[in-house]
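Taking it in order: structure first as structure tokens, then the write-up.
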Amino acid sequence: MVESVIQAAVGLGVIISLVFTELLGASAGGIVVPGYIALYLDKPLQILGTLVISLLTWGIIRLIGQFTLLFGKRRMVLSILIGFILGWASRLLVFNDLTVHDLQMQSIGYIVPGLIANWFERQGFVKTVTVMTIAAVVVRLVLMVVFRGEV
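Just so you know, we're using the working numbering here: the sequence shown kicks off at 33 and counts up by one.
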């Protein structure tokens, strides 16, 4: 059951992300991000941790961009790499050791923060977070209907 929920969430997230991109002209933080965020809507601290890692990644990307030509594939790969490293660090070093262990304020996945950071750079923080939140809620609602609340 869990595996089918994850597959459905990612698949629905891709579809809804594409629909939002076409209808609104705004991305939900990456094509797979709404599905993963939808799975964690019941864990707001983990979503907050993901946004913190994404913001840190975005800041580092902007800082590096002042000294190098950083656009397109370079920016995307660097965003994912920095997001991966910071997400890994959030699991091993920072949030688990320095905060109450029950809080679990760590990033969702390893690639999600980098994808979100890349879209922060492309379309801005507010627009990305707004569309991502709406898309994730829509995905979660559809999952709740399809799986009869067992999400």
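Each residue gets a CB set at the ideal place from its N, CA and C atoms; glycine is no exception.
Distance CB(V171)-CB(G67) smaller than 8 angstroms: With contacts defined as CB atoms closer than 8 angstroms, V171 and G67 qualify as a contacting pair.
Where L101 sits in the DSSP three-state scheme: If DSSP states are grouped into helix, strand and coil, L101 belongs with coil.
What are the complete alpha helix (DSSP H) segments, minimum 4 residues, inside the region 54-83? Qualifying alpha helix (DSSP H) stretches, in chain order: 65-71.
Could you tell me which uninterrupted alpha helix (DSSP H) segments, each at least 4 residues in length, are contained entirely in the region 144-177, listed from first to last along the chain? If only complete runs of 4 or more residues are kept, the region 144-177 shows the alpha helix (DSSP H) at 144-155, in order along the chain.
Between M137 and G81, which are expected to be in contact by the criterion C-beta below 8 angstroms, what is the C-beta distance as a whole number of angstroms? Confirmed, about 4 angstroms.
Of the listed residues L83, A58, I93, nearest to G141 (C-alpha basis): Of the candidates L83, A58, I93, the one whose C-alpha sits nearest the C-alpha of G141 is L83.
Three-state secondary structure assigned by DSSP to S139: Coil, per DSSP.
Among G45, Q39, S36, which residue has its Cα nearest to the Cα of V163? The residue with the shortest Cα to Cα distance from V163 is G45.
Mind the definition here: the region 35-44 touches the region 145-157 only if three or more C-beta pairs lie below 8 angstroms; say whether that holds. Not touching, per the Cβ criterion.
Output yes or no for whether 8 angstroms exceeds the beta carbon distance between L40 and L124. Note on residue identity: the sequence assigns Ala, not Leu, to residue 40. No, these two residues do not count as a Cβ contact at 8 angstroms.
When you compare only the Cα positions, how much space is there between K159 and S122? Approximately 25 angstroms, taken between the alpha carbons.
Exposure label - G115; buried when at least 16 CB within 10 Å: When all chains shown are included, G115 counts as buried.
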